[in-house]
Each structure stands twice: as structure tokens, then as C-alpha cells.
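Inspection log for the structure reproduced underneath, given as C-alpha cells.
4 protein chains.
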Amino acid sequence: MRARYMEVDAQGVVFNGWYLTYFDEAMTAFLAARGASYATLAAAGVDVQLVHVEVDWTAGLRYAEDFTVAVSTARVGRTSFALDFQTRRDGEATCSARIVYVVMAIDGSGKLAAGGSGKRPIPALLAAALGDPAPLRAR
Amino acid sequence: MRARYMEVDAQGVVFNGWYLTYFDEAMTAFLAARGASYATLAAAGVDVQLVHVEVDWTAGLRYAEDFTVAVSTARVGRTSFALDFQTRRDGEATCSARIVYVVMAIDGSGKLAAGGSGKRPIPALLAAALGDPAPLRAR
Amino acid sequence: MRARYMEVDAQGVVFNGWYLTYFDEAMTAFLAARGASYATLAAAGVDVQLVHVEVDWTAGLRYAEDFTVAVSTARVGRTSFALDFQTRRDGEATCSARIVYVVMAIDGSGKLAAGGSGKRPIPALLAAALGDPAPLRAR
Amino acid sequence: MRARYMEVDAQGVVFNGWYLTYFDEAMTAFLAARGASYATLAAAGVDVQLVHVEVDWTAGLRYAEDFTVAVSTARVGRTSFALDFQTRRDGEATCSARIVYVVMAIDGSGKLAAGGSGKRPIPALLAAALGDPAPLRAR
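Chains as they are written, first to last, in this note's numbering: chain A, 1 to 139; chain B, 1 to 139; chain C, 1 to 139; chain D, 1 to 139.
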């Protein structure tokens, strides 16, 4: 990815909220590359919803800098799982995160059931995509 | 605050990254109300930079829903401090967060010094604004 | 409204794309105040979709500046209408826009029909909300 | 480019404001590819500021759809110039725009001079990058 001009704030670095966009794109690409694309999950009547985030920054990204986002499975439960992320600039980590997702029922339009009652067990295709945990962070 | 239409994603709830925008606005309003506005800090040659975030969601905000953001000091260190946040809809918490900030030197334009070497002790006016810790979260 | 810190880019002024968010919020508030809220339109099976925008800036908004957004009906057609907008800081216009919207059928989830074939005549409640044109711009 | 999940709103298509982000990235890439990168312009003490936008949509982009952004010089004046843009999905235009930019003096931090008095003639390296006009739109 490349830091967009509008993502850089008056401090001269990417505003923190944009990292959650980077991780969202990285998460869907990670799952899709392993056979659990958004469309495949939606066809199975589920989507994943983020419920917990921990992020640590050690450096800021500046305008037009290129970076990669490493993704790895950190934990797999019954209805939830965690992924670890690292943004890397020239191979060096500038930010790392652990994000917990819950599998949720969606309606035909892709929307979450109102009231949040729709927790679902991790489907087999998603479990296969997640594979064995290999965390990038201690917690 | 009120959830904007463009902040709601295809799941029908506010996309997670926007909460960091809400907390950013709430943080600056909290400090300004206690005498440490962005302009006052900038006049003292410093700004605060976010280095750690933990966020937990229990419900999603939907389009045009009104909510408040509670802010409280969670910890005060030598060069860093933590604030706790809660988004509340009809008085009920839907999301809580702890965010750690570091005091950093800025140049006359408001930009952080390149290389991130600019850590500074918490100035007296900021310590006074933060007051005694009264956390909203256990950690 | 107030310019958010994250909306200000490295030039020190609000990034141009955010104005379309401001106008979107102003449009829905304008229609809601006149009896055609998003929910009322959705209950009638329609929503409005933006198809044309013209925006002119004469000054930039800076961080934490307060401004208002004036809205006025510019044109009312059979399936489309235009609104004019002005952002005003201390009563002085800093930006003006004309935006053309088309009335579109939506499904029960609020989504536009795929393929964009869903143009609909302006419903009576929306025509009443728009009232007589009183443009803020020549075109 | 690829439409990000968070850019898609509750209507199921990319929110209109994001197109100005797409055009911003396309503009800087277009100029950089022709020798007038942001850094090169900044070294010459100038940046470009958007003052006028016209955008027409004929179709919406949906989540994860790939698209390209065509850019072409539309007009070159003394202190301003216009570029035309088209977003294309599978080779078909879904949106076109004309955007007018003014050359502005910036300070060493990249910020525009306060008050907007900083209009500058188009520097030779930028004129060379723009080349001869070849509009994509009638106006």
C-alpha cells in the first residue's frame, strides 16, 4: 500500500484511524487468498465483525511512503478469531496490531442482524483459511 | 456527535476506524475545556501523539444515531498519559477505549520532528488539565 | 459544523473531499427539517443518489474552525433535482456548490438496485420538501 | 485502484467524496510520472491547490471492484491549469471530472500561506509536465 496525501494530517504523518482501514483491506485479502473471500462468506450467510483492537505504533508513515501489511492468525476460537498485523516500511515494522473478529449472521444485503444477536460458529471454510495460529505479537 | 451517512459501511454500522476520529475530537475538546487547547500546547512547542490504542465494541452505531463520548484521565506518567473513552447511546456504552499519548516536540508548522526523537516531559499546563486519574476501564 | 483535525491535510486546510461529506449531512438535514427524512423516503422505497457536482472554493477551512452550511433548492425536475450549498465562516462564504440528485428505487436494506435502472419520479413528499427553487449560484 | 470496503456506504456503492481522493492520488501520480513530483514542486516552493471541481457519475463502484483512473491535461493558464479524469471499470467510464488547480506558494513545512495570497505562475517544470491539452470532457 501507499500512504495517501489525504490520510496525512497536520502532524505530517498518517492519521491513526486510517490504520484500521489498512488492516481491514489486509484482512479481507488474507482470507480471500486462502479461499474465504467476502463473497464466499456472504454466500454462507456470514460476515466477520471486529469487536476488539489493540494497536501499537513505533513510527509514523509519511506521505507517499510505500509499506506492506503482514497478516497472521493469532488465535482461533468457536465463534471468534484473532489476527495479528504489522505495517512494514523498508522491511521494518512501524505499527503492530491484534484484532479480534466475531462471525456474525448477515441478511441477503450484507447487513448485520439488528441487535447483534447473530453470533455464529466459525464455518469450516473459514477455519481452513485461518489455519494454525502463528502470532506476530505476545498478546 | 451524530453518526454520518458516509461513516456507515455496507454492514449497516459505523466503520470501526471512525471511532478513532471520534476519540481524537473528544480528546482535544476534553483538554481544551481544561485549559490545554491545541493552540496552547502548540504555543508551548508540543503536541500529543497517539502510540497505543485498545478498543472494545459491544454494539454498533447506526446512521444518524446521536451519541456522546465520555473522556476521563486513566494514567499520567512523565512523558506519556492515557485517557479512557466511552461512546454512549441513550446513556448506554456501545464502545470503550484506552488510548496512550506521548508528548512530542513540534516545529512551528505543527509537524512532528522527523525520526520521532522529540519526546518531551508533560508540561505543567497539561498535567493540570489531566488532573487525577479516574479510569473508565480496568486496563 | 466544525473542521475535524483528521480532515486537515498537510497543506493545513480541510482536504477537498470532506466537503462532499459536509454537503451530504447538510442535504439530509435540510430534507428532514422539511418532512422528507431519510427514513421517510426509505419507507416510500426511494433514496436520492448524487449524479453531478460542481464546487468552487474561495478559501480553505482550518482546524477547529466553526462553519455553517447553507442549503437551498436550485432546480426541481421530474426524476431529479438540484440543491445549492455554501459553507460560511463568520458569515462569509468560503465554498459554494451545486449538486444534482436523482431519485432512485432502493431495496428493503437501503441499497440501490444493481445496474442503476431504478430512476423514480420525485414523490409528493419530497417535492413539498424541496419547495420553490431559490438558487444560491448562477449555475 | 480498488474500492475499499470502508469507502462503500449503506447504498452499496462508493461514497461520492472518495472520488476526490482517487483524483488526488491520480493527479500526483500523473505529474510525478512526467517529472513534477510533489517533492520536486515543494523544492521549488510551490504546491497545487484545487479551486474548482465538476464531477459526473454514470455508474457506481461496488466493493472490491478494480478500476483505473485516466488523467489528461485539459487547459493550461498562467497561474492555473485543469485536468480531466475518468474512472474506468473494465474499460468503461463510470465517472468523469474536470478539476482546476492553482499554483500556490508554500512554506518549508508544505503549508499554504495563510490568507490565500500566494498565487504563483506555473513553473517551467510543471508546464513541461502538463504538456499540450488533450481534454477528456467538453468542459
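A virtual CB, placed ideally from N, CA and C, is assigned to each residue, including glycine.
query: If you pair each beta-carbon of the segment 14 to 22 of chain C with each one of the segment 8 to 24 of chain D, do three or more pairs fall below 8 angstroms?; result: yes
query: Helix, strand or coil: which one does DSSP assign to PHE15/A?; result: coil
query: Taking Cβ to Cβ, would you say ALA127/C is nearer than 8 angstroms to VAL76/C?; result: yes
query: Report the CB separation of ARG6/B from ASP24/C in whole angstroms; it is logged as a contact under 8 angstroms.; result: Strictly speaking, residue 6/B in this sequence is Met, with Arg absent from that position. Indeed, because the Cβ distance is near 6 angstroms, the residues count as touching under 8 angstroms.
query: Need the endpoints of the beta strand (DSSP E) that THR40/D sits in, please.; result: First-last for THR40/D: 38 to 43, but that is the alpha helix (DSSP H), not the beta strand (DSSP E).
query: Below 6 angstroms CB to CB, which residues in the same chain sit around ASP56/A once its five sequence neighbours on both sides are set aside?; result: SER96
query: Taking the alpha-carbon positions, what's the ALA93/C to ASP66/A distance?; result: 38 angstroms
query: The alpha helix (DSSP H) spanning LYS130/C covers which residue range?; result: The question names Lys, but residue 130/C is Leu in the sequence shown. Taken as a continuous stretch (DSSP letters only), the alpha helix (DSSP H) holding LEU130/C covers 124 to 130.
query: Please identify the residue among ARG62/A, VAL102/A, ILE122/A whose C-alpha is closest to the C-alpha of THR87/A.; result: ARG62/A
query: Please list, in chain order, all residues of the same chain as SER89/B whose beta carbon is under 7 angstroms from its beta carbon, the five residues on each side excluded.; result: Note that residue 89/B is Arg in the sequence shown here, rather than Ser. So the list reads LEU61, GLU65, PHE67, once near-sequence residues are dropped.
query: When we look at the beta-carbon of GLY12/C and count the other beta-carbons within 10 Å, is it buried (16 or more) or exposed?; result: buried
query: What in chain D is Cβ-close to ALA64/A, meaning under 8 angstroms?; result: THR28, TYR38
query: Classify THR58/B as buried or exposed, calling it buried when 16 or more other Cβ atoms lie within 10 Å of its own Cβ.; result: exposed
query: Hey, how far is the Cα of ASP47/B from the Cα of ALA26/B?; result: 15 angstroms
query: Give me whichever residues DSSP pairs with ARG75/A in a beta bridge.; result: ALA82/A
query: Does any residue of chain D bring its CB to less than 8 angstroms from the CB of THR68/A?; result: no
query: Just tell me which of VAL69/A, ALA44/A, GLN49/A has its CA closest to the CA of SER80/A.; result: GLN49/A
query: Within the same chain, show all residues whose beta-carbon is closer than 8 angstroms to that of PRO121/D, passing over the 5 residues directly before and after it, in chain order.; result: ARG78, THR79, VAL103
query: Looking only at its own chain, which residues have a Cβ that is under 6 angstroms from the Cβ of ASP84/C, when we skip the five neighbours before and after it?; result: SER72, ALA74, ARG98, PRO135, LEU136, ARG137
query: With C-beta atoms as the reference, is ALA42/B less than 8 angstroms away from GLY110/B?; result: yes
query: Which residues does DSSP pair with MET104/D in a beta bridge?; result: ASP47/D, LYS119/D
query: Can you give me the Cβ contacts of GLU54/D inside the same chain, cut-off strictly under 6 angstroms, excluding the 5 residues immediately before and after it?; result: ARG98
query: Along chain B, in chain order, which residues have C-beta atoms closer than 8 angstroms to that of MET104/C?; result: What MET104/C touches in chain B: nothing, since even the nearest Cβ is about 15 angstroms away.
query: In whole angstroms, what separates the C-alpha of VAL100/C from that of ALA3/D?; result: 23 angstroms
query: So, are the CB atoms of GLY35/D and ILE106/D less than 8 angstroms apart?; result: no
query: Assign ALA39/B to buried or exposed, taking buried as 16 or more other Cβ atoms, counted over all protein chains shown, within 10 Å of its Cβ.; result: exposed
query: Can you grab the Cα-Cα spacing for the pair LEU31/A / SER37/B, in whole Å?; result: 43 angstroms
query: When you compare only the Cα positions, how much space is there between GLY91/C and ASP132/D?; result: 41 angstroms
query: Using a cut-off of 9 angstroms between C-beta atoms, extract the partners of TYR5/B located in chain C.; result: THR21, ASP24, GLU25, THR28, TYR38
query: Show which residues of chain A have a CB atom less than 8 angstroms away from the CB atom of ALA10/C.; result: TYR5, VAL8, ASP9, ALA10, GLY12, TYR63
query: To the nearest angstrom, report how far apart ARG139/D and ARG139/C are at their CA atoms.; result: 14 angstroms
query: Is it buried or exposed, ALA33/B, if we count other Cβ atoms within 10 angstroms and call 16 or more buried?; result: exposed
query: Looking at the C-beta of GLU92/D, does it have a partner C-beta in chain C at a distance below 8 angstroms?; result: no
query: Under the three-state reduction of DSSP, which class applies to THR92/C: helix, strand or coil?; result: Contrary to the premise, residue 92/C reads as Glu rather than Thr in this sequence. Reduced to three states, the DSSP call for GLU92/C is strand.
query: Grouping DSSP H, G and I as helix and E and B as strand, with all else coil, what is ALA97/C?; result: strand
query: Given this structure, state the Cα-to-Cα distance separating PHE15/A from ALA82/C, to the nearest angstrom.; result: 34 angstroms
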